[in-house]
Every structure is written in structure tokens, then in C-alpha cells.
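Reviewing the structure listed below.
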Amino acid sequence: MEDELILKFWEKLSDYSFQILGTILLFILGWFVSKWVSRVVTRFLEKTRLNQALKRLGVEEVLSNIDRRLNAPKFFGELLRWCVFILFLMACSEMLGLVQFSQFLAVIIGYLPNIFIAAIIFIITAFLADFSQKIVVGTLKKERITYSRVLGKGLSSAIWILAVLAILYQLKIVPTLISMMFIGVTALIVLVLGISFGLGGKDIAAKILKGLEDKFK
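Here the sequence shown stands for residues 16 to 232, where the numbers follow the working numbering.
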């Protein structure tokens with residue numbers, strides 16, 4: 016009887032040891048695979064000259080105000096790296112029967128796309144803020160309005176505020192309050208742009224778009 020108990024104990028210990036060993040190997044594999052994926056994505060985005068394009072849109076200037084350097088390829092590479100690594104962690108936790116921890120990791124994986132979308136919103140905002148500021152300044156100068164630069168800067172700032180609200184909403188930070196503020200700022204921007212285009216901003220917008228097209232060629 017004692018021999019059978021000892022034999023069962025060693026069998027269970029052996030099975031659990033193999034399980035732990037397999038989990039460790041999977042963890043190590045996940046670490047290296049995620050790093051490799053990050054390098055591939057980063058190098059690919061560097062070849063597309065994403066940083067240079069964002070610099071032309073003034074993103075680097077915005078980031079310098081908060082003591083951050085522009086490195087979009089590395090950001091997206093690291094984001095994808097953690098996505099891949101967390102997927103491996105989920106597999107490891109499933110192997111060890113850690114169901115609750117696996118569910119927690121699933122929540123994190125579900126949240127990461129929100130960060131990606133927030134980054135895309137930031138990039139698009141850089142373009143819109145620069146573009147709209149040039150339209151307003153150019154239009155109001157044409158109409159000989161002396162405070163054109165102030166209005167242009169104000170519109171650019173309003174767009175950035177709108178972007179921050181959109182990013183916070185996307186990241187699910189106080190969504191109800193953010194949505195109310197979002198509507199108010201949007202109405203203000205639409206009003207200013209409507210006045211600018213009404214004063215003859217279409218021609219200036221066409222020129223700015225042509226200039227941007229030439230820059231990216």
C-alpha cells in the first residue's frame with residue numbers, strides 16, 4: 016500500500032515537473048519570439064521613413080514639449096512585442112492551470128488595441144492641426160485680419176484638446192465626461208473652420224494640400 020502511494024506521488028511529481036519544464040521553455044520561446052517580432056516591425060517601419068514623415072507634420076515638436084523623443088517605429092514595435100509576449104504568457108498560465116491569471120491577461124490583450132488606436136489618433140491630429148492652422152492663418156491674412164496667427168494657433172490648440180479627449184475616451188478614462196467635452200470642442204472647431212472656408216479658404220486649402228503632396232514625394 017505504501018509502495019503504491021509512493022509510486023503515485025512520484026508519478027504526479029514527474030508529470031508536474033514536465034509541466035513546469037514545458038512552461039519554462041514556452042516562456043523563454045515567447046520572450047525571444049516577441050523580441051524578434053519587435054525588431055522586424057521596427058526595421059520595417061524605419062524603412063518606410065515614418066519618423067521623417069511625422070517630423071514634417073510637427074509631431075516631434077509636440078513631443079519635445081513633454082520631454083519625449085519621436086521614435087514611432089520603436090513604439091509600434093514594442094507594442095506588438097508585448098502583444099505577442101502576453102499571448103505566450105496566457106498559454107503558460109493555461110498549462111499551469113492558472114485560469115484567473117489567464118483571464119486577466121486576456122483583458123490586457125483586449126486593451127492593447129486601444130493604445131494602438133490612440134497612437135493613430137495622435138498622428139492624424141498632428142496633420143490636421145498643422146493643416147487647419149495654415150488654412151485659418153492664410154485665409155484671415157488674405158482678408159487683412161491682424162489676429163490671424165492667434166486664431167490659427169487657437170484652432171490648432173483646440174484640435175489638440177479634441178485629440179486628447181478622443182485618446183482619453185479611447186483609453187476608457189472617464190468616458191461619459193470626455194464624450195460631453197468632445198462634442199463641445201468639436202462644435203467650436205467646426206464653427207471656426209466654417210467661417211474660414213466661407214472667407215475663401217478653399218483656394219488656400221488646395222495650395223497647402225499640393226505642398227504636402229510635394230513634401231511626401
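Note that the Cβ used here is the ideal one computed from N, Cα and C, for glycine as well.
Computed from a prediction, not measured in an experiment: that's the story for all the values here.
* To do: Evaluate contact between the stretch 133 to 150 and the stretch 101 to 112, counting only Cβ atoms and requiring at least three cross-stretch pairs below 8 angstroms.
  => Short answer: they don't touch.
* Along the alpha helix (DSSP H) that carries G92, what are the first and last residues, could you check? => Unbroken alpha helix (DSSP H) run through G92: 87 to 110.
* Asked: So which of P128, I35, A106 has the shortest CA-CA distance to K187?
  -> When P128, I35, A106 are compared, the shortest CA-CA separation from K187 is found for P128.
* To do: Could you pull out every residue in the same chain whose Cβ sits closer than 6 angstroms to the Cβ of G92, ignoring the five residues on either side in sequence?
  => These residues qualify, in order along the chain: S53, V56, T57.
* Asked: When every heavy atom of the ligand GTP is checked, does at least one fall within less than 7 angstroms of the C-beta of Q185?
  -> Although the ligand GTP was asked about, the structure shown includes no ligands whatsoever.
* Cα-Cα separation between A133 and I182, rounded to whole angstroms -> One C-alpha to the other measures close to 5 angstroms.
* Determine the contact status of L95 and L120, defining contact as a CB-CB distance below 8 angstroms. => Judged by beta-carbon spacing, L120 lies beyond the 8 angstroms limit of L95, meaning their Cβ atoms are not closer than that value.
* Beta-carbon proximity of F47 to C107, cut-off 8 angstroms -> It is not a contact, given that the beta carbons lie outside the stated cut-off.
* Can you name, in chain order, every residue of its own chain whose Cβ lies under 6 angstroms from the Cβ of C98, other than the five neighbours on each side? -> If the five residues before and after C98 are omitted, its C-beta is found closer than 6 angstroms to the C-beta atoms of L127, all from its own chain and listed in chain order.
* **With 16 other Cβ atoms within 10 Å as the buried cut-off, status of S171** => Around the CB of S171, 16 or more other CB atoms lie within 10 Å, so the residue is classed as buried.
* Asked: Given R174, which residues of its chain have a CB within under 8 angstroms of its CB, disregarding the five upstream and five downstream residues?
  -> Residue 174 is actually Ile in this sequence, not Arg. When the five nearest sequence neighbours on each side are left out, the beta carbons in the same chain lying within less than 8 angstroms of the beta carbon of I174 are those of T140, L143, A144, S147, I204, in order along the chain.
* Closest Cα partner of Q118 within the set I101, F131, Q34 -> Of the candidates I101, F131, Q34, the one whose C-alpha sits nearest the C-alpha of Q118 is I101.
* To do: Going by CA-CA distance only, name the one from I123, I138, G37, Q115 that's closest to F90.
  => From the listed residues I123, I138, G37, Q115, the smallest Cα separation to F90 is found for I138.
* Let me know if G216 comes out buried or exposed under the rule of 16 or more other beta-carbons within 10 Å of its beta-carbon. => Bear in mind that the predicted position of G216 carries a pLDDT of just 48, short of 50, making it unreliable; the figure below should be weighed with that in mind. By the neighbour-count definition (other C-beta atoms within 10 Å, threshold 16), G216 is a buried residue.
* Separation of Q115 from L40, as counted between CA atoms -> One C-alpha to the other measures close to 22 angstroms.
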